[in-house]
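Once you know that position 103 of the sequence shown is 104 in the working numbering, the rest is easy, because the numbers rise by one and skip nothing.
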Amino acid sequence: MKKLMKSKRGDGYIDVVIAVLVSMMLLVMALNIFSFFTLKQDLDYFTKEMLEVATAEGRTNGEVYTRYYELADETGIYPSYWWTADYYNLSYRAVQLGDPIKITMYCTTYVKGFGIFKIPVTLTATHSGLSEQYWK
């Protein structure tokens with residue numbers, strides 16, 4: 002039994018199995034990081050497009066909601082968002098010419114590929130612009 006325990010036969014196979022396991026875990030982690038970069042890029046695009054519509058319209062409702070659903074169908078994500086603005090008319094959510102409009106969007110995703118562990122990651126994008134609409 003002592004002879005069997007001291008034997009180094011098969012030691013190389015264990016090293017190969019561990020090396021393959023570690024390399025697969027690194028590959029899964031690299032794919033996760035790549036997916037976070039692409040999701041962040043989509044979120045930035047989404048935010049800029051929403052802000053562009055809001056600044057052109059001079060308000061944060063109406064056509065902005067239509068554009069939200071168009072972008073959601075295009076990108077495949079449905080992020081949460083909120084607006085920060087000095088409203089000229091709160092009921093119409095109108096922003097006067099030259100006043101700032103700021104949008105913050107966030108999307109929560111999870112690190113995938115590690116079995117039962119779910120590690121949440123929240124990505125955030127914030128952009129601002131000036132209203133291009135004059136309200137009387």
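In this text, a Cβ means the ideal position worked out from N, Cα and C, and glycines have one as well.
Contact annotation: Ile102 and Ser81 have beta-carbon atoms that are not nearer than 8 Å. Residue environment: Met51 is assigned as buried (16 or more neighbouring CB atoms within 10 Å of its CB, all protein chains considered). A check of alpha carbon separations from Phe115 across Ala31, Val17, Arg68, Ala57 identifies Ala31 as the nearest. Uninterrupted beta strand (DSSP E) stretches at least 3 residues long and entirely within the segment 8–91 occur at 81–86, 88–90, given in chain order. Residue environment analysis places Ala86 among the buried positions, since at least 16 neighbouring C-beta atoms fall within 10 angstroms of its C-beta. Note on Glu75: under 16 other CB atoms within 10 angstroms of its CB, so exposed under the neighbour-count rule. As the crow flies, the alpha-carbon of Ser129 is around 10 Å from that of Trp84.
Counting every other CB atom within 10 Å of its CB across the protein chains shown gives Gly13 a total below 16, marking it as exposed. Residue environment for Val21: exposed (fewer than 16 other C-beta atoms within 10 angstroms of its C-beta).
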